[in-house]
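**Student:**
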Amino acid sequence: MEADFWSGYIRGTRRLYHGDKFGTDEEHDLWMKAGNSDDESRRRQGAGYMAGFNGLVIGAAMTAAKGERT
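Numbering (the working numbering), first residue to last: 4 to 73.
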């Protein structure tokens, strides 16, 4: 579901903007590893988180989200 990607993306952009003031380092590590999850929903959230944390602009993130659909 595309919403999974975008929920991760929003969280990733918040971590990028606020740094370690948003969430814990342990949470950040879990989100970064989620992109490799066997669970499809979690994998999409992780991909979104990484896109947001890496500062992908909306257009590039939309392209990435399309690639996550199965």
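The C-beta atom is built at its ideal place from N, Cα and C for all residues, glycine as well.
1) Just to confirm my understanding: we take D41, look at its own chain, exclude 5 residues before and 5 after, and list those with CB closer than 7 Å. What are they?
2) Measuring CA to CA, which of S10, F56 and E43 is closest to D32?
3) Is G26 closer than 9 Å to R14 when the C-beta atoms are compared?
4) Grouping DSSP H, G and I as helix and E and B as strand, with all else coil, what is L19?
5) For R72, does the three-state DSSP call read helix, strand or coil?
6) Put T77 into one of helix, strand or coil per three-state DSSP.
**Tutor:** So, from the data block:
1) The beta carbon of D41 sits closer than 7 Å to none of the beta carbons in its chain outside the five residues before and after it.
2) Selection S10, F56 and E43 evaluated against D32 yields F56 as nearest (Cα-Cα).
3) A contact, by the Cβ cut-off of 9 Å.
4) Here L19 sits in helix by DSSP.
5) Confidence at R72 is low in this model, with a pLDDT of 46, below 50, so the placement of that residue should be treated as unreliable; the coordinate-derived value is given next. Looking at R72 - three-state DSSP - the assignment turns out to be coil, as it is neither helix nor strand.
6) The structure shown has nothing for residue 77, since the chain only spans 4 to 73.
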